[in-house]
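Residue 382 in the working numbering sits at position 363 of the sequence shown; the count goes up by one each step and never skips. The beta carbon of each residue, even a glycine, is placed where N, CA and C say it ideally should be. Here is the structure we will look at.
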Amino acid sequence: MPRYFQYLKPEQEAELKRNAEYICAPGKGILAADESTGTIAKRFDGAQIPNEEENRRLYRQLLFTAPSEEVTKHIGGVIMYHETFYQKDDNGVPFVEVLKKRGIMPGIKVDKGLVPLAGTDDEQTTQGMDSLNERCAQYKKDGAVFAKWRCALFIKPYAPSYQAMVENAQVLARYASICQQHGIVPIVEPEILQDGEHDLAECQKVTEQVLAFVYKALADHHVYLEGTLLKPNMCTPGVKCAKRATPDECALATVTALQRTVPAAVPGVVFLSGGLSEIDATLNLNAINKVPGKKPWALTFSYGRALQHSVIRSWAGKKENLAAAQDVLAKLAKNNGLASLGQYVHGVDDPTSAGESLFVAKHAY
Numbered sequence: 020m021p022r023y024f025q026y027l028k029p030e031q032e033a034e035l036k037r038n039a040e041y042i043c044a045p046g047k048g049i050l051a052a053d054e055s056t057g058t059i060a061k062r063f064d065g066a067q068i069p070n071e072e073e074n075r076r077l078y079r080q081l082l083f084t085a086p087s088e089e090v091t092k093h094i095g096g097v098i099m100y101h102e103t104f105y106q107k108d109d110n111g112v113p114f115v116e117v118l119k120k121r122g123i124m125p126g127i128k129v130d131k132g133l134v135p136l137a138g139t140d141d142e143q144t145t146q147g148m149d150s151l152n153e154r155c156a157q158y159k160k161d162g163a164v165f166a167k168w169r170c171a172l173f174i175k176p177y178a179p180s181y182q183a184m185v186e187n188a189q190v191l192a193r194y195a196s197i198c199q200q201h202g203i204v205p206i207v208e209p210e211i212l213q214d215g216e217h218d219l220a221e222c223q224k225v226t227e228q229v230l231a232f233v234y235k236a237l238a239d240h241h242v243y244l245e246g247t248l249l250k251p252n253m254c255t256p257g258v259k260c261a262k263r264a265t266p267d268e269c270a271l272a273t274v275t276a277l278q279r280t281v282p283a284a285v286p287g288v289v290f291l292s293g294g295l296s297e298i299d300a301t302l303n304l305n306a307i308n309k310v311p312g313k314k315p316w317a318l319t320f321s322y323g324r325a326l327q328h329s330v331i332r333s334w335a336g337k338k339e340n341l342a343a344a345q346d347v348l349a350k351l352a353k354n355n356g357l358a359s360l361g362q363y364v365h366g367v368d369d370p371t372s373a374g375e376s377l378f379v380a381k382h383a384y
């Protein structure tokens with residue numbers, strides 16, 4: 020039979036498993052605050068906030084120091100961009116330590132963005148593997164508990180191709196293995212973008228296929244599944260599809276895809292919002308957790324736009340709006356924490372701008 024070297028010691032596996040389970044404990048999810056400098060500029064533009072380093076620091080400080088219990092109760096981890104990871108609050112305390120003191124695990128985005136995949140119809144792979152081993156060692160030393168690496172795939176006539184699915188699955192598996200060797204929990208993110216005219220059934224079928232490739236690659240690379248988290252798209256129709264779907268229909272398709280592909284050993288599935296409005300992301304998550312049947316993983320959130328859009332609009336870069344913006348974050352964290360338990364009630368505590376579409380074509384950050 021095939022043999023392989025056991026590269027993780029039992030105590031390493033125990034640490035990875037413990038941290039992965041903590042991040043997605045009941046009622047908890049992830050705040051994805053890992054926008055690059057260019058991407059945060061687009062978010063700031065909508066609120067007329069200058070994209071300056073100090074404004075970026077002040078905004079992340081707003082997020083990480085929100086005083087409400089709802090934030091610490093429902094946010095188990097925060098993903099940061101490299102710049103943010105090394106920034107400090109007004110008192111000179113590193114954000115990593117600010118989060119840890121609040122019982123929130125600090126994470127780091129370690130990929131270096133999407134690049135074209137030659138030989139395909141405008142498909143992509145993700146770069147950043149060359150220096151990943153050294154960077155993971157440094158991030159672990161500096162306090163990172165988990166990491167994220169995003170791959171993106173399209174649904175269109177010749178995509179996702181076999182080539183793209185194999186390439187992206189292998190990249191995710193290599194990344195996950197390197198992270199684990201440094202004691203960092205890898206979030207595996209194979210995002211199927213909403214761009215296109217595909218219907219719900221096609222999205223479900225492609226999601227199943229992509230996840231099957233991913234878990235085959237993770238097995239081939241001997242990744243310890245109990246010490247990982249999966250960050251997939253929810254199954255939804257493409258933005259140009261004339262036939263829309265209800266949250267219940269999207270939820271059933273999503274859970275079915277997961278049941279057919281994701282091993283029970285994985286502790287948590289932390290969904291990306293993928294351009295859904297804040298309300299739709301919460302409604303879909305709530306419906307997912309109400310789908311009957313076997314769901315051996317925590318089903319929760321790792322939202323960026325769907326946890327921040329209304330916060331940025333409320334803050335608008337003004338000191339006098341700080342408390343109001345933090346209150347909006349607390350409401351969104353609470354709503355999604357409840358949705359991860361199937362207990363969210365629509366309309367009770369929703370921000371006024373929560374229904375706005377957050378879709379961005381060919382989204383990259």
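- Taking the C-beta atoms as reference points, residue 47 is found nearer than 7 Å to residue 95.
- Every unbroken stretch of the alpha helix (DSSP H) spanning 4 or more residues and falling wholly within the region 34-106 is given here in chain order: 56-64, 72-83, 88-93, 101-104.
- Here the region 213-227 makes no contact with the region 334-343; the two share fewer than three CB pairs at distances below 8 Å.
- Judged by DSSP secondary structure, residue 321 falls within the beta strand (DSSP E) whose first and last residues are 317-322.
- The count of Cβ pairs closer than 8 Å, one atom from the region 129-146 and one from the region 80-87, stays below three, leaving the stretches out of contact.
- When the Cα atoms are used, residue 210 and residue 244 turn out to be separated by approximately 19 Å.
- The beta carbons of residue 170 and residue 187 sit closer together than 7 Å.
- By the CB criterion at 7 Å, residue 242 and residue 184 fall outside the cutoff.
- Taken atom to atom, the span from the alpha-carbon of residue 204 to that of residue 165 is near 4 Å.
- Short of 6 Å from the beta carbon of residue 104, and not among the five residues preceding or following it, lie these beta carbons of its own chain, in chain order: 127.
- Residues 305 of the same chain have their beta carbon placed closer than 8 Å to that of residue 362, with the five preceding and five following residues left out of the count.
- DSSP, read as helix, strand or coil, puts residue 202 in coil.
- Cβ contact annotation for residue 293 (same chain, cutoff 6 Å, sequence separation greater than five): 213, 252, in chain order.
- In the DSSP annotation of this structure, residue 145 is not part of any alpha helix (DSSP H); the continuous beta strand (DSSP E) holding it starts and ends at 143-145.
- Between residue 108 and residue 80 a beta carbon distance of about 5 Å is seen, short of the 8 Å cut, so the two are scored as contacting.
- In this structure, DSSP gives residue 212 a state outside helix and strand, which the three-state scheme calls coil.
- Remark: C-beta atoms of residue 276 and residue 227 approach each other more closely than 7 Å.
- Per DSSP, the unbroken beta strand (DSSP E) holding residue 170 starts and ends at 165-172.
- For residue 129, there is no enclosing beta strand (DSSP E), since its DSSP letter is neither H nor E.
- In its chain, beyond the 5 residues on either side, 344, 347, 348 have a beta carbon closer than 6 Å to the beta carbon of residue 330.
- Per DSSP, the unbroken beta strand (DSSP E) holding residue 287 starts and ends at 287-290.
- Separation of residue 234 and residue 342 (C-alpha to C-alpha, rounded to the nearest whole angstrom) is 43 Å.
- In its chain, beyond the 5 residues on either side, 63, 336 have a beta carbon closer than 8 Å to the beta carbon of residue 69.
- Pairing residue 150 with residue 100 gives a Cβ-Cβ distance that is not under 7 Å.
- Per DSSP, reduced to three states, the secondary structure at residue 178 is strand.
- The C-alpha of residue 321 is placed about 11 Å away from the C-alpha of residue 356.
- Bridge pairing for residue 134: 144 [DSSP].
- From the listed residues 309, 248, 302, 255, the smallest Cα separation to residue 285 is found for 248.
- The C-beta separation of residue 178 from residue 142 comes to about 5 Å, placing the pair in contact by the 8 Å criterion.
- Collapsing the DSSP output to three states places residue 282 in coil.
- Sixteen is the threshold: since fewer than 16 other Cβ atoms of the shown chains lie within 10 Å of the Cβ of residue 265, the residue is exposed.
- DSSP places residue 346 in the uninterrupted alpha helix (DSSP H) bounded by 341-358.
- Per DSSP, the continuous alpha helix (DSSP H) segment holding residue 239 begins and ends at 219-239.
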